[in-house]
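> For what it's worth, the working numbering labels the leading residue of the sequence shown as 108, then goes sequentially.
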Amino acid sequence: MTQLIHRNLRQTPPAAVCAFGMYVRDGEGKTYLDGSGGAAVSSLGHSHPDVLAAMQAQLKTTAYAHSGFFTTDVAEELAARLAADAPGDLNQVYLVSGGSEAIETSLKLARQYFVESGEPGRRVFLARRQSYHGNTLGALALGGNEWRRKPFEPLLMDVARVSPCYEYRERPAGQDVNQYTADLLAELEQKILDIGPKNVIGFCAEPVVGATLGAVPPTPGYFKGVRALCDRYGMLFIADEVMCGMGRTGTLYAIEQEGVVPDIVTLGKGLAAGYQPVGAVLVRDHIVERLRAGSGVFQHGHTYNAHPVAAAAALAVQKLIQRDCLLGAVTVRGATFRRMLRDAFGTHPNVGDIRGRGLFLGLELVQDRDTKRPFDPDLKLHAAVKQKAMDCGLMVYPMGGTIDGRRGDHILLAPPFIATEADLGQIVARLSDGLARALEAIRP
Ligand code: PLP
């Protein structure tokens, strides 16, 4: 039988036949409230007329022009806008088709930068355990998510790894948070010294960890420390904002809240809010200047770089975020949502942690709140919650992080920025129901 290959090879998901605002409807007429924006993608909700109009207008003028031959006004305008809103001199923008492509681009750009700087010995990337930076081979190699990497391990480049900044699970009981942060930075510095600073290209991390762990913010000062180490050893700091960027945490770039400027920022998901597949890489001036003055070529490229319709969608999304004051809405609604989650799950015996920023919140599910003991990974509680929530008409994003090499259970909540208080209340109510059903289903 000829068929579309789905992620789950044994089960065909319901068909989405119509999506509007906060809802997606399937072929049976059942509607699902979008509590996660898919995977933190649909920040404007579905079928926003202004985005559709912008895409249509672009389709009518130039649907496609290969970036090896032409540029387009719309791609130039998007790049200028992203750069103008970015911190520091992140003024150079490379447009791609998604998050993994953005990560691949950043890895190659960073490497080429050092080759053209006369430091070809720099060939090691540093990243964190339990991280996820995409599914192509370079991005998968960068990520530290063991179960995702496992089948492909022999194909992956070596990446050096340090601990994530994951206070709930990794800060030793009774340790001061500043000491915890200092220890993490000391570990990072020791790793750099072990490898040899002249061999390191850079360090990549998500400012707020979305993928794998479900909305884990950094401790105060962590990224200031990372920036200082990168400066001290001449390495690049790559901030992966594919999931947490573009307003999700209440500022356009999540790293703004840390008061540092990365050398490279990767974007995806919320950039065009799902209306088109698009990603971007923002780069500090001096890096691109080095290549411009050197070989004059960035040795990279994809057929759909700077796709005009994708750029039109992203530009329309960015304009709407500003026009409708959605960053403010994310902050205000995020605080409300967090309060609602605390009211509903603050004393729940199986919810160990409620965390995140803005409308980027996560729950960590545990068997025992006091000891933080996770559920047996074979029970796949996170997947059960996703399924039971779907039964209750709700989309939430399940994550199996890794705890001591075992998978843990995390639920990511990332509703569209247009969510009303009533929508958020509904998400919490349906999640409550879905979680109860999932716990019931895994009970022996
Ligand atoms: N980086 C992060 C932090 C992500 O969350 C993801 C996707 O979930 C990616 C990179 C890869 O993006 P994409 O799935 O668009 O290739």
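Backbone N, C-alpha and C define an ideal beta-carbon position, used for all residues, glycine too.
Model, not experiment: these values are computed from the prediction.
Taking the beta carbon of residue 458 as the centre, do at least 16 other beta carbons fall within 10 Å, making it buried, or is it exposed?
buried
> Output needed for residue 284: all residues of its chain with C-beta closer than 6 Å, excluding positions within five of it in sequence on either side, in chain order.
326
> Confirm, please, whether the CB-CB distance from residue 398 to residue 386 is below 7 Å.
Note that the C-beta distance between residue 386 and residue 398 is not below 7 Å.
> Just to check my reading of the structure: residue 531 and residue 503 have Cβ atoms closer than 8 Å, yes? What is that Cβ distance to the nearest angstrom?
Not a contact, Cβ separation roughly 13 Å.
> Any contact between the region 124 to 134 and the region 355 to 366? By contact I mean 3 or more CB pairs, one from each, below 8 Å.
In the pairwise beta carbon analysis, the region 124 to 134 is classified as not touching the region 355 to 366: fewer than three pairs are separated by under 8 Å.
> Quick one: what does DSSP say residue 329 is sitting in, helix, strand or coil?
helix
> Helix, strand or coil for residue 505 per DSSP?
strand
> Should residue 125 go down as buried or exposed, given a rule of 16 or more other Cβ atoms within 10 Å for buried?
exposed
> Could you name the residues that DSSP lists as bridge partners for residue 267?
233
> For residue 152, which residues from the same chain have a beta carbon less than 6 Å from its beta carbon, with the 5 sequence-adjacent residues on both sides left out?
128, 129, 523 and 525
> Kindly list the residues whose CB is nearer than 7 Å to the CB of residue 340, restricted to its own chain and excluding five residues on each side of it in sequence; keep chain order.
299, 304 and 307
> If we require 4 or more residues per run, which alpha helix (DSSP H) segments fall completely within the region 412 to 457?
Qualifying alpha helix (DSSP H) stretches, in chain order: 415 to 430 and 433 to 452.
> Is any non-hydrogen atom of the ligand PLP found closer than 6 Å to the C-beta of residue 349, if you look at the structure I gave you?
yes
> Where does residue 378 fall in DSSP's three states?
helix
> What does the alpha-carbon distance come out to for the pair residue 159 and residue 418?
CA-CA distance, residue 159 to residue 418, rounds to 13 Å.
> Just to check, is the beta-carbon of residue 113 closer than 6 Å to a non-hydrogen atom of the ligand PLP?
no
> Which term fits residue 376, buried or exposed, when burial requires 16 or more other beta carbons within 10 angstroms of its beta carbon?
buried
> Any heavy atom of the ligand PLP closer than 6 Å to the beta-carbon of residue 143?
Residue 143: no, Cβ never under 6 Å from the ligand PLP.
> Could you check whether residue 244 and residue 216 sit closer than 7 Å to each other, using their CB atoms as the reference points?
no
> CB residue 336 to CB residue 296, shorter than 7 Å?
yes
> Give every residue of the same chain whose Cβ lies closer than 7 Å to the Cβ of residue 109, excluding the five residues on either side of it in the sequence, and list them in chain order.
none
> According to the neighbour-count rule (16 or more other Cβ atoms, all chains shown, within 10 Å of its Cβ), is residue 404 buried or exposed?
Label assigned to residue 404: exposed.
> Whole beta strand (DSSP E) runs in the region 378 to 402 with 3 or more residues, listed along the chain?
386 to 390
> Just reading off the alpha helix (DSSP H) that residue 181 is part of, what are its end residues?
180 to 192
> Using beta-carbon positions only, say whether residue 144 and residue 521 come within less than 7 Å of one another.
yes
> For the region 417 to 431 against the region 252 to 271, do three or more pairs of beta-carbon atoms, one drawn from each stretch, fall closer than 8 Å, so that the two count as touching?
no
> Taking the alpha carbon of residue 473 as the reference point, which residue from 200, 492 and 155 has its own alpha carbon closest?
The shortest C-alpha separation from residue 473 is found at 492.
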